[in-house]
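Chains as they are written, first to last, in our numbering: chain A, 1 to 269; chain B, 270 to 547. Don't be surprised by glycine CBs; every beta carbon is placed ideally from N, CA and C.
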C-alpha cells in the first residue's frame with residue numbers, strides 16, 4: 001500500500017521550471033513596486049496621531065450621533081441611503097440597454113465590442129471627476145451625488161447583466177416557441193423569469209457598494225455624510241469623525257445583513 | 270387548502286385555484302410583486318424628496334455635463350511625459366498594497382473558517398474584524414494613513430493593503446469553508462499534523478480561487494488608486510486633482526486616456542490569467 005502511494009507520489013507532475021519562472025516574475029514585480037514607496041515624512045509623531053484617531057473613534061461625539069435634526073448623523077445617513085438607492089436605480093436603468101447592446105449572443109460582434117469599450121470608458125473615469133461634471137448640471141448637493149453614483153454603477157452592473165444575458169437558457173424560449181407563444185409571451189415567460197432574479201440581485205449588491213463608496217462624493221460637495229466626515233478629519237475633530245464612522249458602520253452592517261438575506265432568497269428562487 | 274405553507278400574505282390574498290382535467294386541484298400563490306413594487310416606489314419617493322431629484326433640471330441642463338467632457342478633447346499629448354511617473358506610481362502602489370494585504374489576510378482567514386479553526390470565539394472575533402475593516406471607506410483609511418505616514422505613496426499603499434486585507438480575507442475564508450474536507454481528514458488519519466494536512470489538503474483546493482481573487486482585487490485597486498491621490502496619497506490622482514482644480518481639461522483628458530489604456534491592459538492580462546487558473 002505505502003509503496004503504491006510512494007510510486008504515485010513520484011509520478012506527480014513536475015513543473016518546477018514554470019513555477020520558478022512565475023515566482024521570479026512575481027518577486028521582480030514586487031521589488032520594482034517597492035521602489036515607489038515614499039513619504040514626505042509626517043509632520044507630527046505618527047503613533048500619537050494613530051492613538052488620537054483610535055480614541056476619537058471609540059469615544060464618538062454622542063450628542064452628534066443622536067442629533068435628530070437635519071445636521072445630525074441620522075439625517076446624514078438617511079440622505080446617504082437615499083443617494084445610494086436612487087443612484088443604484090439610475091445606474092441599473094441605464095445599464096439595461098447597454099447590457100443588451102453589449103451581449104455577444106444577441107448583437108453582432110462589432111457592436112457588442114463597441115458597447116463594451118463604452119462601458120469600460122465609463123468605468124475608468126474616477127467618481128470625483130463625474131461629481132464635478134454633475135455639479136455643473138445640478139449645483140452642489142445630493143442630486144449631483146445620486147447622478148454620480150448612478151454613472152459610477154454602470155460599469156459593474158452592466159458587466160453582470162451582460163453575463164446574465166449571455167447565460168440565458170435558450171431552450172426555454174424554443175419550447176415556448178413550439179407551444180405557439182408570441183414574442184411578448186416569450187419575453188414575459190421565457191426571458192424575464194430568467195433575468196429578473198439576477199438583475200435584482202446585482203442591483204442590491206451594487207447598492208451595498210454604493211453605500212460604502214458614498215464617502216467619495218463628500219470630497220466634491222455632492223451630498224451625503226462624506227463632506228462632514230472629511231471636514232472633521234482634516235480639522236482633527238476625531239470625536240465627530242468617530243460619530244460619523246460609528247453611524248456608517250452600523251448602517252452598513254444593517255444593510256449588508258438585509259441585502260444578503262434578500263439575495264440568498266433571490267438565488268434560491 | 271392542503272399542505273400549502275401559507276404566510277400571512279397568502280391569507281389576505283387567496284391563492285388562485287385551478288381544476289386540472291383529472292379533477293385534482295392546483296393552487297397558484299398570489300404574486301408577491303405588488304409588495305416589492307410598492308416598497309421600491311415608496312423608497313424612491315422618499316429618496317426623490319430628500320435628494321431633490323428633479324427630472325426637469327436634468328433634461329434642460331444635461332448639456333452642461335458634456336461641457337467638461339468636450340473640453341477634454343483633443344487631449345493635450347504634450348502632457349504625456351509628465352504622466353508616466355505618477356501612472357507607474359499608481360500601479361506600483363496597487364501591486365504592493367494588494368500583495369501585502371492578500372498575504373497578511375491568509376492566516377486570519379484560516380482562523381475565521383469554522384472547518385479549520387476549532388475555537389468558535391476566535392472564528393467570531395476574526396469575522397467581526399473582517400467586516401469592520403470592510404465597512405471603513407478606503408478614502409477614510411487613506412486619509413488617516415496620510416496623517417500617520419505623511420503625504421506620499423506609502424499612505425496609498427497602506428490604504429490599499431488594508432482594503433485588500435478585508436476583501437481577500439472574507440473571500441478566502443468563505444472559500445476555505447466550502448472545500449472538500451475528505452482529503453484533510455484522510456491526511457490526519459494517516460498521522461499528519463493539522464498544519465501539515467492544511468498545507469497539502471486544503472491549500473491546493475483553495476489556491477486557484479485565492480489567486481484569481483487576488484488578481485481581480487488588483488484590477489480594481491488600480492482604478493481605485495486613482496481616487497486616493499485626491500487626499501494626497503500619491504499616484505495619478507494627485508496630478509488629476511491638480512489639473513482639475515486648474516481647469517486644464519485637455520491635460521485631464523490625457524491622464525484619463527492613459528489611465529484607461531493601463532486599466533484595459535491590466536484587465537486583459539488578468540482575465541487571461543484568471544481563465545487559466547480556474
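Review point. Which residues does DSSP pair with residue 411 of chain B in a beta bridge?
Key: DSSP lists no partner for residue 411 of chain B.
Practice item. Starting from the beta carbon of residue 383 of chain B, find every residue of chain A whose beta carbon is closer than 8 angstroms, and list them in chain order. Key: Those do not exist, as residue 383 of chain B stays about 18 angstroms from chain A at its closest Cβ, beyond 8 angstroms.
Check your understanding: Closer than 9 angstroms, CB to CB, is residue 490 of chain B near chain A or not?
Key -> no
Point to revise | residue 135 of chain A to residue 94 of chain A span [Cα, whole Å] | key: 20 angstroms
Check your understanding: Beta-carbon of residue 213 of chain A versus every beta-carbon of chain B: anything under 9 angstroms?
Key -> yes
Point to revise | Nearest-angstrom Cα separation, counted from residue 162 of chain A out to residue 444 of chain B | key: 25 angstroms
Point to revise | Local Cβ density within 10 Å of residue 111 of chain A, reported as buried at 16 or more and exposed below that | key: exposed
Exercise for review: Return the chain-ordered list of same chain residues with a C-beta closer than 7 angstroms to the C-beta of residue 435 of chain B, the five sequence neighbours on each side being excluded.
Suggested key: 399, 402 and 403
Exercise for review: Out of B:452, B:349, B:317 and B:464, point me to the one whose CA is closest to residue 387 of chain B's CA.
Suggested key: B:464
Check your understanding: Residues in the stretch 6-21 of chain A with C-beta within 9 angstroms of chain B's C-beta atoms, listed in sequence order?
Key -> none
Point to revise | Three-state secondary structure (DSSP) of residue 220 of chain A | key: coil
**Study point:** Cβ-based burial, residue 243 of chain B [other Cβ within 10 Å; buried from 16]
**Key:** Because chain B is modelled from 270 through 547, residue 243 of chain B falls outside the range shown and cannot be assessed.
Exercise for review: May I have the straight-line CA-CA distance separating residue 271 of chain B from residue 171 of chain A, to the nearest angstrom?
Suggested key: Confidence is the limiting factor: at residue 271 of chain B the pLDDT is only 49, short of 50, which leaves the residue's position unreliable and the question unanswerable from this model.
Review point. Looking at C-alpha atoms only, which residue of B:395, B:366, B:313 and B:502 is the closest neighbour of residue 86 of chain A?
Key: B:313
Point to revise | Cut-off 8 angstroms between Cβ atoms - residues of its own chain near residue 493 of chain B, not counting five sequence neighbours on either side | key: 363, 407, 429 and 432
Point to revise | Below-9 angstroms beta-carbon distance, residue 160 of chain A vs any chain B residue | key: no
**Study point:** Local conformation of residue 70 of chain A per DSSP, three classes
**Key:** coil
Exercise for review: State yes or no: is the beta carbon of residue 49 of chain A nearer than 9 angstroms to at least one beta carbon in chain B?
Suggested key: yes
Review point. Pairing CB atoms from the stretch 192-206 of chain A with CB atoms from the stretch 88-102 of chain A, are three or more of them under 8 angstroms?
Key: yes
Point to revise | Residue closest to residue 423 of chain B, alpha-carbon to alpha-carbon, out of A:33, A:13 and A:4 | key: A:33
Exercise for review: Express the C-alpha separation of residue 377 of chain B and residue 141 of chain A in angstroms, rounding to a whole number.
Suggested key: 41 angstroms
Practice item. Quick one: using the 10 Å Cβ neighbour count with 16 as the cut-off for buried, is residue 254 of chain B buried or exposed? Key: A question about residue 254 of chain B goes unanswered here, because the residues of chain B that appear run from 270 up to 547.
Check your understanding: Thinking C-alpha only, which one of A:239, A:18 and A:205 is nearest residue 61 of chain A?
Key -> A:239
Practice item. For my contact list, residue 418 of chain B and residue 124 of chain A are in at a C-beta cut-off of 8 angstroms; report their separation, rounded to the angstrom. Key: Going by Cβ atoms, the distance from residue 418 of chain B to residue 124 of chain A rounds to 28 angstroms, so no, they are not a contact pair.
Practice item. Have a look at the DSSP bridge pairing and note the partners of residue 288 of chain B. Key: B:294
Exercise for review: Taking residue 416 of chain B and residue 49 of chain A to be in contact with their CB atoms under 8 angstroms, please state how far apart those CB atoms are, rounded to whole angstroms.
Suggested key: 5 angstroms
Review point. Roughly how far, in whole angstroms, is the beta-carbon of residue 143 of chain A from the beta-carbon of residue 322 of chain B, given that I think they are within contact range, below 8 angstroms?
Key: 6 angstroms
Check your understanding: Which class does residue 403 of chain B belong to by DSSP, given the choice of helix, strand or coil?
Key -> helix
Review point. Starting from residue 158 of chain A and walking both ways along the alpha helix (DSSP H), at which residues does that stretch end?
Key: 142-166
Point to revise | Residues near residue 437 of chain B by beta carbon distance below 7 angstroms, same chain, minus five either side | key: 370, 371, 374, 482, 483 and 486
Check your understanding: Quick one: Cα of residue 450 of chain B to Cα of residue 471 of chain B, how far?
Key -> 8 angstroms
Review point. To the nearest angstrom, how far is it from the Cα of residue 64 of chain A to the Cα of residue 498 of chain B?
Key: 30 angstroms
Practice item. Using alpha carbons as the reference points, say which of A:12, A:56, A:19 and A:5 lies closest to residue 236 of chain A. Key: A:56
Review point. Apart from the five residues on each side of it in sequence, which residues of its chain come closer than 6 angstroms, Cβ to Cβ, to residue 282 of chain B?
Key: 299
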